[in-house]
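Scroll down for the structure; my scribbles are underneath it.
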Amino acid sequence: MPELPEVETVKRSLSGKLIGKEIRDLEIYFSGNIRRPDPLLMGEMIRGKKFLGIDRRGKYLIFTLSEDLALVVHLRMTGQLLYVDAAFPKDKHTHLVFSLSDGMELRYADLRKFGTFDLIPLSELPQLKGLAQLGVEPLSGDFTVQWLDQMLQNKNRSIKNVLLDQTIIAGIGNIYADEILYEGGIHPETIACNLTEDQVRQLWQATVKLLNLGIEHRGTSIRNYVDGDGRQGGFQELLKVYGRRGEPCVRCGSPIGKTKVQGRGTYYCPNCQPKV
DNA sequence: CTTCGATCCTGAGAGC
DNA sequence: TGCTCTCAGGATCGAA
Ligand SMILES: [Zn+2]
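Under our numbering, think of the first position of the first sequence as -5, with each following residue one higher.
Structure, rendered in structure tokens:
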């Protein structure tokens, strides 16, 4: 499912293609993903607007459009944005098609229909629910060991729970959380405020390393993730614990374990990530 | 403050 | 073969 590295990859794959292009038309096959405006009004609202920029915040994509509009997209689990020729066959789960001035189409497909679209005035961007509550960007200068240490002081819940909390750190999902904790040698159920200074430093390093590595490999295609060109990522080959229950740990050979944390499937090495 | 369960949805895989 | 069941999960909400 798209997490920070995947959304970043989608952003990069689309930015060179969309910026400067005008939206000529919008075809809606399924409107359930559209939160704002009323789906009936979206076509009229977006027609004739140009893409001015694409940004990422956490797992959100923010398309800046002409006339002070913003299109905010969250792909959730199975959302895909594809820049393709209009003649290219449509995926069965294609819900939205934006026809562009260059004869190409920006298509939105979403098997599970959980993704969201918000087309709003740019001025309302800072107040958009979900987006407005996002915490620190883990690949920005705001994410420091000091900040992390301070933040964890009063978190009396599992460290995995904290990593998944988008209002604290924006962009980490289930797969990268498990990989980060494995890399840091930290059991996912460790109470956050009990982490040692050394563990906090390990956690910080692992977070930056794994997210960057994910981006370098153009994301993780564990289910149906592809970028704006329909290309799969490569990071799934490098996953060390996620989805590997029973397989030997690459570091120590112990079988990878699986448990549930916060209702999420959670993979870890019982030996390299001892429970305290 | 915290966890927990339900909700949205569909397809893959298991079990029979 | 084909049915039913479980599982997967990001974000949000209400309840405990
Ligand atoms: Zn190990």
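Positions of the beta carbon are idealized from the N, C-alpha and C atoms, including for glycine.
Is R245 near ligand 1, with its Cβ less than 7 Å from a heavy atom? yes
Return the bridge partner residues of R101 from the DSSP annotation. L76, V91
Among Q230, Y54, R195, E191, which has the Cα closest to the Cα of G208? Q230
How many angstroms separate the CA atom of A64 from the CA atom of I162? 24 Å
Figure out for me which residue from R18, R238, G257 has the closest Cα to the Cα of G97. R18
F137 - DSSP class collapsed to helix/strand/coil: coil
Can you pull the DSSP bridge partners for I56? D49, V66
Going by CA-CA distance only, name the one from T253, G251, Q226 that's closest to P(-4). Q226
Kindly examine ligand 1 and report whether one of its heavy atoms sits closer than 7 Å to the Cβ of N265. yes
Taking only heavy atoms of ligand 1 into account, decide whether any of them is closer than 7 Å to the Cβ of S248. yes
Across which residues does DSSP place F111 in a beta bridge pair? I28, V67
Please determine, among L94, L105, T253, the residue with the shortest C-alpha to C-alpha distance to N168. T253
Roughly how many whole angstroms lie between the Cα atoms of S248 and G240? 8 Å
Helix, strand or coil at P(-1) according to DSSP, with G and I counted as helix: helix
Is E16 helix, strand or coil by DSSP? strand
Quick one: what's K254 bridged to in DSSP? G259
Please work out which residues of its chain come closer than 8 Å, Cβ to Cβ, to V255, disregarding the five sequence neighbours upstream and downstream, and give them in chain order. S152, K154, N155, P182, E183
Which same chain residues, not among the five before or five after S25, have their C-beta less than 7 Å away from its C-beta? P33
Between which two residues does the alpha helix (DSSP H) carrying R195 extend? 191 to 210
Using the C-alpha atoms, what's the distance from L189 back to N265? 17 Å
Would A103 be called buried (16 or more neighbouring beta carbons within 10 Å of its own) or exposed? buried
Check whether the Cβ atoms of H211 and L232 sit closer than 8 Å, and answer yes or no. yes
Local Cβ density within 10 Å of F82, reported as buried at 16 or more and exposed below that: exposed
Taking buried to mean at least 16 other C-beta atoms within 10 Å of its own C-beta, is V194 buried or exposed? buried
Beta-carbon contacts of S117 that lie in its chain and below 8 Å, excluding the five residues immediately before and after: D62
Segment limits, alpha helix (DSSP H) that includes Y176: 168 to 178
So what's K86 in DSSP terms, helix, strand or just coil? coil
Leaving out five residues on either side along the sequence, give the residues of the same chain with a beta carbon under 6 Å from the beta carbon of E21. V91
Pick helix, strand or coil for P249, following the three-state DSSP scheme. strand
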